[in-house]
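Please read the structure below before turning to the comments.
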Amino acid sequence: MNISQLSYSKHCILMYNNREYFINYRPIKNWEKSYAKQNSGNWWKYAEASIPSSACILSLILYSDATTTNTLGKSSLHSIYISLGNIPTWRRNKEDAKQLLGYFPILFAKNEKEKTSPEFKKLVRETFHKSLKFLLDSLFENENGIDYKINNRIIWFFPKISTIIGDWPEACTYSLTYKSAK
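Using this note's numbering, read the sequence shown as starting at 89 and increasing by one per residue.
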């Protein structure tokens, strides 16, 4: 394995039929980094480099999850919340630091055949992304950023989605990948 931008170590795992089989790896201790704040990571550095020096990053954190709304577990809504990475973690984890943006529409198929069809699955993905675009468009419609008044001071921001938090189905929907092997 030869990937120039990544340094890997090589270790022989198996000798079989006079042939060596190697694992190419990066030791966990050499690549694992832990950042206490969003603005201490590489993402923040690259995001800041992409905007004018007098502007600030408005770091958006999106949370989404399907939520059961009745005691029988037969009715659910798919909520999406937003918070800001600019807020200190201790404050951001408080309930009032997150804002409910809305509920995604949940499409219902006529039958199992329709539900598993490629056309229906594509429609579900498109509906999700159209809904997300609708909810966030007002933040991104001006390519010159947005001004917010904070503590009687106007601050020039460029919104950037920094983090998306969700369980497996939501993560797959955001990234346009398959939710299961079925």
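All residues carry an ideal CB built from backbone N, CA and C; glycine is no exception.
When N105, Y151, D225 are compared, the shortest CA-CA separation from W256 is found for Y151. In this structure, S97 keeps its C-beta atom at 8 Å or more from the C-beta atom of Y109. Excluding sequence positions up to five before and after W131, its CB lies within less than 7 Å of the CB of S250, all in the same chain and listed in chain order.
For L165, the enclosing beta strand (DSSP E) covers residues 164–172.
About 5 Å separates the Cβ atoms of Q187 and I170, confirming a contact at the 8 Å cut-off. Here S164 is not near I145, since their CB atoms are 8 Å or more apart. Residue state for P247 is assigned as strand, using DSSP reduced to three classes. Put simply, the backbone Cα of Y191 is about 23 Å away from that of T204.
Annotation: the segment 199–259 contains the following complete segments of the alpha helix (DSSP H) (minimum length 4 residues), in chain order: 200–203, 206–228. Here DSSP, grouped into helix, strand and coil, assigns K133 to helix. Comparing C-alpha distances from V212 to each of E183, N239, F246, H166 shows the shortest one belongs to H166.
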